[in-house]
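This report refers to the structure that appears directly beneath it.
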Amino acid sequence: MRSDDDELFDATLLSFLDDEAARVDALPGVPSALTVTTRVARRLEGPPTYRQPFAVAGVLALVVISALWLSTFRGVDTRPSGLLTEVIDRGYVRIAIREDFPQSVAGGLGGFDLDIAHELSRRLDLRPELAIRPPEQMTGPEGLAGVDLALPSDGRTSADEGAVVASSPYYHWPVFVVVADTSSATTRSDLDGGALCAVDGSAGADWLEGPYAGPSSTPVEAPPRDISMQLEATDRDCLAALLAGEIDALVTTTLNPADLAVRPVRTLGEAVLTDPRSILAPRAGIDPAGLIAEVDRVLSEMRTDGSLVGFSQNRFGGHDLTVPVTP
Amino acid sequence: MATTTIPRELAPMGEAARTSSPADARLEGFVAAHYDRLVRLAFLVCRDGPDAADAVQAGLERAWKQRAALRDDASLRSWLDRIVVREAIRVSSRRRTLLGRILGSRQRDDEAPDPPDTRAEAALAWTDVREAYGRLSPDQRAVVALHLWAGYSVQETAELVGAPIETVRSRLRLARERLRQDLKDDR
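Chains as they are written, first to last, in numbering that gives the first Met the number 0: chain A, 0 to 326; chain B, 0 to 186.
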């Protein structure tokens, strides 16, 4: 608890700070507001103006000499800046997210990736400039043109290391095999020869078609054998088919454990695979390694302070998907 | 005659504004609305007048470019303060390095004589405090300036300097302890 002495000390300190702050008005070398206006206007229009031209010239000379020395004697790549430097100078970062899950447009666009994009920008001290792209376009140079970072929420897009650099996974999406509560199946092998539904183009569909070649944070289980596969546009369509008795099981794409808990369905065993989802930066153009390293630093900070878990629990029915989970 | 309410930070001010283009006038109004307070805030952190002005210029430039994204005056103020304080910490920390001292060989304000104005007497009275305050780190001065002088809460100060709240509390406590100790030693 603060004492009267502490309060008096703070009051004295505040009085000093007031006088000290006002002292700058009389100091030499502080330009007027009008001068600063002119400087800002010039900088906005053209090359920067510098207060210490000789010092800046000295620094530039030092940089050039160092670069020449390094390239001549050390064979080191002397590219002066990366994507991180560019976005900091620019003051904003262009982030692509998908419009569909884990986003939702009900009542305005919102969702887990959008939360992460905003928080990432805030912690990088940059303004976010968001772009909506389909995930299949977040894989190559053309699809990633005009963006600095992409959140495709699909681990398979991280696989092309020639086209993108990936952060550490910021969440792990579990894929389950789901049957109706009334089903007699108790293990996945009970579904051999059955009819299963998956979302077209999803990791679950890839898994059913086998062998699954994408990444997984948990061991990839073997799919049922000799099945007939029904492809639908959404989990909802597969769920409708399941509840209508048209199929024996479905493989989830966007349904999470919380969604499954409120429906007349149950999962068969643990996740058949767990999709590790990362933030990507395109390799085409300026070197993105520094930016992705900074993204990883921020993600690590968010894991430590619990905010990443908080975002997950808020958007995924109270579940922490920042680590691989089982139902 | 119909009138339009112009946001304070965008309102043109002064004779020069009336003689320049509308875009220049808006920029001038924006700078004029914030400049003095920001220079004082930056000066409390970096203790150097021209460095403070540079930090403010950088902040105003970024704010002007991105002003469309800012919703209201309150968020503009804290956003500007954050940019300027962080820039002031960066400049001040750089000057503490050997390279910074070589490149920035201009005489530091805390080595300069007190200004010859009407505040000189009051300034002399604070000599001990000023020296003790100057011995704080830039990070400590930043939290003192934001919390005690600018009136931000500890939580807000933590957000502005980008540090955990416990770190800010520690910096404030250490700054007070160090000032008390230095002032006791000087007497």
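Every residue, glycine too, gets a C-beta built ideally from N, C-alpha and C.
On a predicted model such as this, the values are computed, not experimentally measured, just so you know.
For this session: Please list the partners that A/Gly305 has in chain B, where partner means a Cβ-to-Cβ separation under 7 Å.
Result: Those do not exist, as A/Gly305 stays about 12 Å from chain B at its closest Cβ, beyond 7 Å.
Exercise. Is the CB-CB distance between B/Val83 and B/Gly58 below 8 Å?
Worked result: yes
Exercise. Between the C-alpha atoms of A/Ala243 and A/Ala194, what's the straight-line distance to the nearest angstrom?
Worked result: 13 Å
Exercise. Using 8 Å as the threshold, is the region 240-254 of chain A in touch with the region 129-141 of chain A, meaning 3 or more CB pairs across them?
Worked result: no
Exercise. Helix or strand or just coil, what does DSSP make of A/Arg1?
Worked result: coil
Problem set entry | DSSP beta-bridge partners of A/Glu128 | A/Arg93
Exercise. Is the shortest distance between the beta-carbon of A/Asp9 and the beta-carbons of chain B less than 8 Å?
Worked result: yes
Problem set entry | Within 8 Å, strictly: CB atoms of A/Ala184 and A/Pro281 | no
Exercise. Using a Cβ-Cβ cut-off of 7 Å (strictly less than) and excluding sequence neighbours within five positions of A/Ser227, which residues of its own chain qualify?
Worked result: Ala194
For this session: Taking only beta carbons into account, state which residues of the region 47-58 of chain B come closer than 8 Å to chain A, listed in chain order.
Result: Gly48, Pro49, Ala51, Ala52, Asp53, Val55, Gln56
Exercise. How is A/Pro168 classed by DSSP in three states: helix, strand or coil?
Worked result: coil
Problem set entry | Simplified DSSP state of A/Ser103, which is helix, strand or coil | strand
Exercise. Leaving out the 5 sequence neighbours to the left and right, which residues in its chain are closer than 6 Å to A/Ala239 when beta-carbon positions are compared?
Worked result: none
Problem set entry | A/Tyr169 versus A/Arg126 - alpha carbon distance | 21 Å
Exercise. Which value, in whole angstroms, describes the spacing of the CA atoms of A/Leu307 and A/Asp114?
Worked result: 10 Å
Exercise. By Cβ distance below 7 Å, which residues in the same chain neighbour A/Arg1 in space, the five residues on each side in sequence not counted?
Worked result: none
For this session: Take A/Ser120 and list the residues in its own chain whose beta-carbon comes closer than 6 Å to its own, dropping the five residues that flank it on each side.
Result: Val92, Pro127
Exercise. What residues from chain A crowd round B/Gln65, counting only those whose CB sits closer than 8 Å?
Worked result: Gly90, Tyr91, Arg126
Problem set entry | Cβ-based contacts, 8 Å cut-off: residues of the region 16-39 of chain A near chain B | Leu16, Asp17, Asp18, Glu19, Ala20, Ala21, Arg22, Val23, Asp24, Ala25, Leu26, Pro27, Gly28, Val29, Pro30, Ala32, Leu33, Val35, Thr36, Arg38, Val39
Exercise. Measuring CA to CA, which of B/Ile88, B/Arg89, B/Gln65 is closest to B/Trp78?
Worked result: B/Gln65
For this session: Using three-state DSSP, classify A/Val322 as helix, strand or coil.
Result: coil
For this session: Say whether chain A places a C-beta atom closer than 8 Å to the C-beta of B/Asp109.
Result: Confidence is the limiting factor: at B/Asp109 the pLDDT is only 41, short of 50, which leaves the residue's position unreliable, though a coordinate-based value still follows. Cβ-Cβ to chain A under 8 Å: no for B/Asp109.
Exercise. Is A/Gly74 buried or exposed, if buried means 16 or more other CB atoms sit within 10 Å of its CB?
Worked result: Model confidence at A/Gly74 stands at a pLDDT of 40, short of 50, so the residue's coordinates are unreliable; what they give is reported in the following sentence. Under this definition A/Gly74 is an exposed residue.
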